[in-house]
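Chemist: Residue numbers (numbering that gives the first Met the number 0), protein chains in the order written: chain A, 0 to 213; chain B, 0 to 220. The C-beta atom is built at its ideal place from N, Cα and C for all residues, glycine as well.
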Amino acid sequence: MKRNESYDEFIKGIWRDNPVFAQVLGMCPMLAVTNSAVNAIAMGGATFFVLVGSSFLVSTFRNIIPKQVRISCFIIIIATFVTIADYTLLALVPGVHKELGAFIPLIVANCLILGRQEAFASRYPTRLAVMDALGMATGFLIALFSLGAVREILGDGALFGVKLFGENFEPWIIMILPPGGFLTLGVILLFFNWFKYKKDEFLADVADAERSSR
Amino acid sequence: MTAARQDVAPPSALRLILTLAIAGLLSGIAIIGIYESTLPTITANKARELREAVFKVLPGVTSMQALVHRDGALVVVPEPGKDEPVVYGGYDEQGEFVGFAMPGAGPGFQDTIALLYGYRPSEQIVVGMEILASRETPGLGDKIYKDAVWVAGFSALSVDPEIVAVKKGTAAAANEIDAITGATISSKAVVRIINETHAAWRERLPESGAEPALVENGDSQ
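1. Where does A/Leu32 fall in DSSP's three states?
2. Have a look at the DSSP bridge pairing and note the partners of A/Ala157.
3. What did DSSP end up calling B/Phe99 once you bin it into helix, strand or coil?
4. Run through chain B and tell me which residues come within less than 7 Å of A/Ser71, C-beta to C-beta.
5. Pick from A/Ala101, A/Phe47, A/Ser5: whose alpha carbon is nearest that of A/Gly138?
6. Using a Cβ cut-off of 8 Å, pull out every chain E residue sitting near A/Asn34, in sequence order please.
7. Going by the CB atoms, is the gap between A/Ile106 and A/Val81 shorter than 8 Å?
8. Using CA coordinates, which residue listed in A/Ala31, A/Ile76, A/Phe119, A/Gly25 is at the minimum distance from A/Pro178?
9. For A/Pro28, does the count of other Cβ atoms within 10 angstroms reach 16, so buried, or fall short, so exposed?
10. Quick one: list the residues of chain B neighbouring A/Phe67, beta-carbon separation under 8 Å, in chain order.
11. Would a C-beta distance cut-off of 8 Å place B/Val53 and B/Met63 closer than the cut-off?
12. My understanding is that B/Val97 touches B/Gly59, with C-beta atoms under 8 Å, so please give their C-beta distance in whole angstroms.
13. Taking a Cβ distance cut-off of 7 Å, strictly less, list which residues of the stretch 82-93 of chain A are near chain B, in chain order.
14. Starting from the Cα of A/Phe20, find the closest Cα among A/Ala208, A/Ala203, A/Val186 and give me that residue.
15. Please check if any C-beta of chain A sits within less than 8 Å of the C-beta of B/Ser154.
16. Decide if B/Thr196 is buried, meaning its Cβ has at least 16 other Cβ atoms within 10 Å, or exposed.
17. Check whether the Cβ of B/Thr37 lies closer than 8 Å to any Cβ atom in chain A.
18. Please say whether A/Ile64 and B/Thr18 have beta carbons closer to each other than 8 Å?
19. So, is A/Tyr6 buried or exposed, given that buried needs 16 or more other C-beta atoms within 10 angstroms?
20. List the residues of chain A that B/Ser26 touches, going by C-beta distances under 8 Å, in chain order.
21. With 8 Å set as the bound, which would you pick, yes or no: does the beta-carbon of B/Ile30 sit closer than that to a beta-carbon of chain A?
22. For A/Ile64, would you say it is in contact with chain B, using Cβ-to-Cβ distances shorter than 8 Å as the test?
23. Taking a contact to mean a Cβ-Cβ separation below 8 Å, would you say A/Ala120 touches A/Val57 in this structure?
24. In this structure, what does DSSP give as the bridge partners for B/Tyr34?
25. Quick check on this structure: which residue in A/Ala41, A/Gln116, A/Met135, A/Lys97 has the alpha carbon closest to the alpha carbon of B/Ala132?
26. Using the C-alpha atoms, what's the distance from A/Asp199 back to A/Asp207?
27. Measuring only between beta-carbons, confirm whether B/Tyr34 sits less than 8 Å from chain A.
28. Roughly how many whole angstroms lie between the Cα atoms of A/Arg15 and B/Ala170?
29. What separation, rounded to the nearest whole angstrom, lies between the Cα atoms of B/Ile179 and B/Ser186?
30. Near B/Arg119, which residues of its chain fall below 6 Å by C-beta distance, leaving aside the five closest residues on each side in sequence?
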């Protein structure tokens, strides 16, 4: 039972409550830095680190932090992890850090992270909070990567900088410009919602069939 | 699920202050720790990037040193001041002066473009150009560093009287370069930055042949 519970907290972030496709949170990095797969993964990785680290600390200290100052404490914790991620990226991968620019410090303001602290980590035991953060962060990473991959393939004819289509491919430049982010996200959201709609319809059909057969 | 917490008396103001103070203190320690531990790598990365850029814009150069303009002359400084304009002298294997690597920056299409160009004073020509930082439009303006033909155009470009960007295919004189189709603003910005940097330094550079010699224990490799 216990194992199922933490598994459920993990899996919900990836699909049912995916932070981007279902909750539509964290749109700023989602649209801004997904112009290539590498940028998307670096951003997803940094957010992953910040979200899991913050959720762990917030959940561990949830009974010590007075609720009157909880938001300030969450922000201090999140900002510390963001600074650590910022300097680490700058030291290890200066090229990627240059591309992401101001969007790494802006992770502090990602509503996904503060939202998880307030809605989940500050109310649940550490183990569940970490599972929830892992799931949400993975879901966010997958969403960033799917956008980044689509945009890089169409807009640059490449994936991870490797050319896919040869010399004759005319890159679809709009896809790596800001409008491409909106177009890609719109199509993916459309698919996600269509799938959910179809699934609900199917479940309703099954329920109907069961009722009439009884 | 945890049991709902019973809120008794509200915590004292002292407790609130202490909580935030301790959180801030721990956060400060963590941030200073990561800053101190990554600083050497970051500084080394920046120095390596600069060195690679200088060697790229000045073909044949194997060592370099930073130069600043003080009291009417160029002097060698191991550690230039933070806001002091700097140029880099490039020297070949025999320690002979080859040219200056001049950093310049100015407005591009979207944001500041920072670049470095190699200048050989004996012939008054630009011998190389490298974009250090730019946020030009991907696919269009970013050709100022992705278009190999354009970058190669800076390998022997006269700055006398100044560089002129002309329509593609019409460059004829020694001081003319073909602008990039679709990136006219960005390519003109690059040319303007070089011209402005050159104009600002023209009077401050020593006469050809009188450049500062390479300081042996300086920034050589």
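Modeler: Let me spell this out:
1. In the first sequence, the residue the question calls residue 32 of chain A occupies position 33. The question names Leu, but residue 32 of chain A is Val in the sequence shown. Assignment of A/Val32 by DSSP, reduced to helix, strand and coil, places it in the coil class.
2. Against the first sequence, residue 157 of chain A aligns to sequence position 158. A/Ala157 is bridged to A/Lys162.
3. Residue 99 of chain B sits at position 100 when you count from the first residue of the second sequence. Correct three-state label for B/Phe99: strand.
4. Your numbering for residue 71 of chain A matches position 72 in the first sequence. Residues of chain B with a Cβ closer than 7 Å to the Cβ of A/Ser71 are, in chain order, Leu19.
5. As a first step, residue 138 of chain A must be located in the first sequence, where it is residue number 139. Comparing Cα-Cα distances from A/Gly138 to each of A/Ala101, A/Phe47, A/Ser5, the minimum goes to A/Phe47.
6. Within the model displayed, chain E is absent; protein chains A and B are what it includes.
7. Residue mapping note: residue 81 of chain A aligns to position 82 of the first sequence, counting from 1. Residue mapping note: residue 106 of chain A aligns to position 107 of the first sequence, counting from 1. Result yes, Cβ atoms of A/Val81 and A/Ile106 sit closer than 8 Å.
8. By 1-based counting over the first sequence, the position of residue 178 of chain A is 179. Comparing alpha carbon positions, the residue from A/Ala31, A/Ile76, A/Phe119, A/Gly25 closest to A/Pro178 is A/Ala31.
9. For this step, residue 28 of chain A is matched to residue 29 along the first sequence. Buried, since its Cβ has 16 or more Cβ neighbours within 10 Å.
10. Translated into positions along the first sequence, residue 67 of chain A becomes position 68. A quick correction: the sequence has Gln, not Phe, at residue 67 of chain A. The answer, in chain order, is Pro9, Pro10, Leu15.
11. Here residue 53 of chain B refers to the residue found at position 54 of the second sequence. Here residue 63 of chain B refers to the residue found at position 64 of the second sequence. Yes. Within cutoff.
12. Within the second sequence, residue 97 of chain B is the residue found at index 98, counting from 1. Within the second sequence, residue 59 of chain B is the residue found at index 60, counting from 1. With 8 Å as the limit, B/Val97 and B/Gly59 qualify as a contact, their Cβ atoms being about 6 Å apart.
13. Thr82, Ile83, Tyr86, Thr87, Leu89, Ala90, Pro93
14. As a first step, residue 20 of chain A must be located in the first sequence, where it is residue number 21. Of the listed residues, the one whose Cα sits closest to A/Phe20 is A/Val186.
15. Sequence index remark: in the second sequence, residue 154 of chain B carries index 155 (1-based). Not one chain A Cβ lies under 8 Å of B/Ser154.
16. Here residue 196 of chain B corresponds to residue number 197 of the second sequence, with the count starting at 1. Its Cβ being crowded by 16 or more others within 10 Å, B/Thr196 is buried.
17. Counting from 1 along the second sequence, the entry for residue 37 of chain B is found at position 38. Yes, contact with chain A.
18. Here residue 18 of chain B is taken as the residue at index 19 of the second sequence, counted from 1. Here residue 64 of chain A is taken as the residue at index 65 of the first sequence, counted from 1. Yes, Cβ-Cβ distance for B/Thr18 and A/Ile64 is below 8 Å.
19. As a position in the first sequence, residue 6 of chain A is number 7, starting the count at 1. The residue in question, A/Tyr6, is exposed, as its Cβ has fewer than 16 Cβ neighbours within 10 Å.
20. Within the second sequence, numbered from 1, the residue matching residue 26 of chain B stands at position 27. Those within 8 Å of B/Ser26 in chain A are Ile75, Ile76, Ala78, Thr79.
21. Here residue 30 of chain B is taken as the residue at index 31 of the second sequence, counted from 1. It does; some Cβ of chain A falls within 8 Å.
22. On the first sequence, residue 64 of chain A is found 65 positions in, with the first residue counted as 1. Yes, contact with chain B.
23. In the first sequence, the residue the question calls residue 120 of chain A occupies position 121. In the first sequence, the residue the question calls residue 57 of chain A occupies position 58. Going by C-beta atoms, A/Ala120 is nearer than 8 Å to A/Val57.
24. In the second sequence, residue 34 of chain B corresponds to position 35, counting from 1. None; B/Tyr34 has no bridge partner.
25. Position 133 of the second sequence, counted from the start, is the residue given in the question as residue 132 of chain B. The residue with the shortest Cα to Cα distance from B/Ala132 is A/Lys97.
26. The residue you call residue 207 of chain A lines up with position 208 of the first sequence. The residue you call residue 199 of chain A lines up with position 200 of the first sequence. If I take the Cα positions, the gap works out to 12 Å.
27. Counting from one through the second sequence, the residue named residue 34 of chain B turns up at place 35. Output row for B/Tyr34: interface = yes.
28. By 1-based counting over the first sequence, the position of residue 15 of chain A is 16. By 1-based counting over the second sequence, the position of residue 170 of chain B is 171. A/Arg15 and B/Ala170: Cα-Cα distance of roughly 60 Å.
29. Numbered from 1 along the second sequence, position 180 holds the residue referred to as residue 179 of chain B. Numbered from 1 along the second sequence, position 187 holds the residue referred to as residue 186 of chain B. Approximately 6 Å, taken between the alpha carbons.
30. Here residue 119 of chain B refers to the residue found at position 120 of the second sequence. Once the five neighbours on either side are set aside, the close Cβ partners of B/Arg119 are Gly98, Val126.
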